[in-house]
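Engineer: Before anything else, here's the structure in question.
In UniProt numbering, the protein residues as written are 1 to 503.
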C-alpha cells in the first residue's frame, strides 16, 4: 500500500471518529446524550429543537402561519436560515401584506413623537373598551392596514400545534440557548392587541359574532405561545391571555346576550385547549437552558473572549460531573414539586427545595473558599461541586416565581368563566346571586374556590353589579387591590360595571 493511499485512509477514519465528549455525558448529568458538536460539547439547541418539534409538521404548526403574517423581518428583526429550515419552510419573501405593528404604523405615517405616544395610548384604550372608528380614527386605520395578515393569524390559531425553534447566531459552533432569538413571540402582544382592538370595534358596531371570533382567536394565540420552550415565551403567552380576558370582559359588559348565548360562550371558553403546565417548561426547555449555560462555563465561552491557554488548562482540571449532576438533580426536585396537583402541597415542597439550595449557597459564602479548596483531597471535584451548588441556587428561585404566573393565568381563566355564569344568572333572574355557590349546578357544575387559598372567593354583590376576587399568590386579602392599584396588591378580581379607565 503506497503512502498516499495510507494517508487517505487515516484521514477518512479520523473523520468518522466521533468527537471525544468534553462533558460527562449521561442522563443524570447532561440529561440528553447528544448530539455532540465537533468540539465534543452537547448541542443543546439541536437537542431541544428535536424534542420540541417531534411530530409537528408544517401544515399543523400555527407558527408557520404566524410567520406568514409577520413576514421575514417583524419590526426589523430577522432570523438565521437555520430557523426557517427547522420550521420546514422557506423564508417569507421580503415584500407582502405583512402585519404592521403600532411602532411600524407610527413610522409609516411619520407621526411626531408626541402623536406616536398619543396613538399608543389610543391602542391601549381600544384594547380595553368598546370603541368607534370616529373616536379613534388612527387605530381604525391601523386595523385596516392589518386586515389581510390578521386573517392569516386567525387561521393560525385554529391549528392544533405550535413549534417555535430556538436558534442563535452561533459563534464557534457553541450551543447557546440563552442567545436564541424570539421575535415571533415578541410580536405576540402586538398581534393580540390588534385582535382585541378589532373585536371591541366590532362589538361597538354590533358585529358580535365577528367580535367573538377575534376574542377566541386571541385566547388561542396565547395558549399556543405558552407552548414555547422557555418561560420567556410562556410569559408572553400568559400576557396575551390576560389581554384576551380583559377584552372579553369588555365585550360581556357591552353586549345584551341571552342566557342561552352566554352559556354557549361559557362552554367555548371552557373547551379551549388546556394550557401546558409550568412543570413541562421547566422539565425540558429551562433544564436544557441551564445545563447549556453550565456547559458554556465549562468551555470558557461564557464571556466575550476566548479562554487563555492557562484558563483552558484550569477548566480542564475541574471535574465537571458533580456540577452537571447537581444542576440536573435540582431540576428533578423542582419538576417533582411542580407536578403536585395540590397547590398548597406544591408551594410547601417548592419552598423546601429552595431553602435547601439557599442553605448550601450560604455555607459556600460563609466559609473561606480558598481554604476549603486547599484542604480538599480532590480539588477538581471540589470546584465542580461548588459550581453546581452556586448555579443551582441562582436558577431555582426564578422558576418558582414563574409557577406563580401560571397560577395567576389559571385563576384569571376561572374568573372570566365566573363572569359569564353570573351574567347568565342575572339574565334569567333579573339580579345577581347572593352568593357564588348559587351558580351551581345550573350555570356551573361547581363553583371553583380561590386557587391560592383553597377557600371560596371573596364576593360582594350589589344592586347593579358585583365585585369578586382571589387573594393572589401572597394569600392575603388586599381588599381586591391588584398590581396596577395604589397601594399595590396582588389580588385578582372582576368588577361589574367595569371601572373607569385611568387617564
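No residue lacks a Cβ here, since even glycine has one placed at the ideal position from N, Cα and C.
Would you kindly check if the distance between the Cβ of residue 92 and the Cβ of residue 67 is under 8 Å?
Structural biologist: As a working note, residue 67 is residue 67 in the chain shown. As a working note, residue 92 is residue 92 in the chain shown. Their beta carbons are under 8 Å apart, which means residue 67 touches residue 92 by this criterion.
Engineer: Taking all protein chains shown into account, decide if residue 504 is buried (16 or more other Cβ within 10 angstroms of its Cβ) or exposed.
Structural biologist: No answer is possible for residue 504: it lies beyond the span of the chain, which begins at 1 and ends at 503.
Engineer: I need the DSSP call for residue 74, collapsed to helix, strand or coil.
Structural biologist: The sequence position of residue 74 within the chain shown is 74, counting from 1. In the structure shown, residue 74 sits in a helix (DSSP, three-state: H, G or I).
Engineer: Go through the region 299-354 residue by residue and report every complete run of the alpha helix (DSSP H) that reaches 4 residues or more, in order.
Structural biologist: Listed in chain order, they are 309-317 and 321-338.
Engineer: Between the alpha carbons of residue 492 and residue 358, how many angstroms are there, rounded?
Structural biologist: Taking the first residue of the chain shown as position 1, residue 492 is located at position 492. Taking the first residue of the chain shown as position 1, residue 358 is located at position 358. Cα to Cα, residue 492 sits roughly 30 Å from residue 358.
Engineer: Residue 188 to residue 215, Cα distance in whole Å?
Structural biologist: Taking the first residue of the chain shown as 1, we reach residue 188 at position 188. Taking the first residue of the chain shown as 1, we reach residue 215 at position 215. Each residue's Cα considered, the two are about 14 Å apart.
Engineer: Which of the three DSSP states, helix, strand or coil, is assigned to residue 276?
Structural biologist: On the chain shown, position 276 is the one that residue 276 refers to. Residue 276 falls in the coil class under three-state DSSP.
Engineer: Starting from residue 461, follow the beta strand (DSSP E) in both directions and report where the run begins and ends.
Structural biologist: Within the chain shown, numbered from 1, the residue matching residue 461 stands at position 461. Here the beta strand (DSSP E) through residue 461 covers 458-461.
Engineer: For the beta strand (DSSP E) that residue 470 lies in, which residues bound it at each end?
Structural biologist: Locating residue 470 in the chain shown gives position 470, where the first residue counts as 1. Segment 466-470, the beta strand (DSSP E) holding residue 470.
Engineer: Report the residue from 203, 165 and 71 whose alpha carbon sits nearest the alpha carbon of residue 101.
Structural biologist: For the purposes of this step, residue 101 is taken as residue 101 along the chain shown, with counting starting at 1. Closest option to residue 101, Cα to Cα, is 71.
Engineer: Any chance you could list the alpha helix (DSSP H) runs of at least 4 consecutive residues sitting entirely within the region 168-201, in chain order?
Structural biologist: List check, alpha helix (DSSP H) in window: 183-186.
Engineer: Is residue 491 near the ligand GDP, going by C-beta to nearest heavy atom under 7 Å?
Structural biologist: The ligand GDP is absent from the structure shown, which contains no ligands of any kind.
Engineer: If you scan the region 104-162 from start to end, which runs of the alpha helix (DSSP H) of 4 or more residues do you find wholly inside it?
Structural biologist: The region 104-162 contains these whole alpha helix (DSSP H) runs: 113-126, 137-145 and 147-157.
Engineer: Considering only C-alpha positions, which residue in the set 300, 269 and 294 is nearest to residue 328?
Structural biologist: Numbered from 1 along the chain shown, position 328 holds the residue referred to as residue 328. For the residues 300, 269 and 294, the minimum Cα distance to residue 328 belongs to 294.
Engineer: What residues are listed by DSSP as bridge partners for residue 496?
Structural biologist: On the chain shown, residue 496 is found 496 positions in, with the first residue counted as 1. Residue 496 pairs with 466.
Engineer: Hey, how far is the Cα of residue 246 from the Cα of residue 150?
Structural biologist: Within the chain shown, the letter at position 246 stands for residue 246. Within the chain shown, the letter at position 150 stands for residue 150. If I take the Cα positions, the gap works out to 20 Å.
Engineer: From the DSSP output, which residues share a beta bridge with residue 42?
Structural biologist: By 1-based counting over the chain shown, the position of residue 42 is 42. DSSP output for residue 42 lists 36 as bridge partner(s).
Engineer: Kindly identify the DSSP beta-bridge partner or partners of residue 61.
Structural biologist: Along the chain shown, read from residue 1 onward, the residue named residue 61 stands at position 61. Note: residue 61 sits in a beta bridge opposite 161.
Engineer: Should the region 420-431 be called in touch with the region 388-396, which here means at least 3 C-beta pairs below 8 Å?
Structural biologist: These segments do not touch.
Engineer: Closer than 8 Å by C-beta to residue 136: which residues in its own chain qualify, once you throw out the five before and the five after it? Chain order, please.
Structural biologist: Residue 136 sits at position 136 when you count from the first residue of the chain shown. Correct list, in chain order: 122, 125 and 126.
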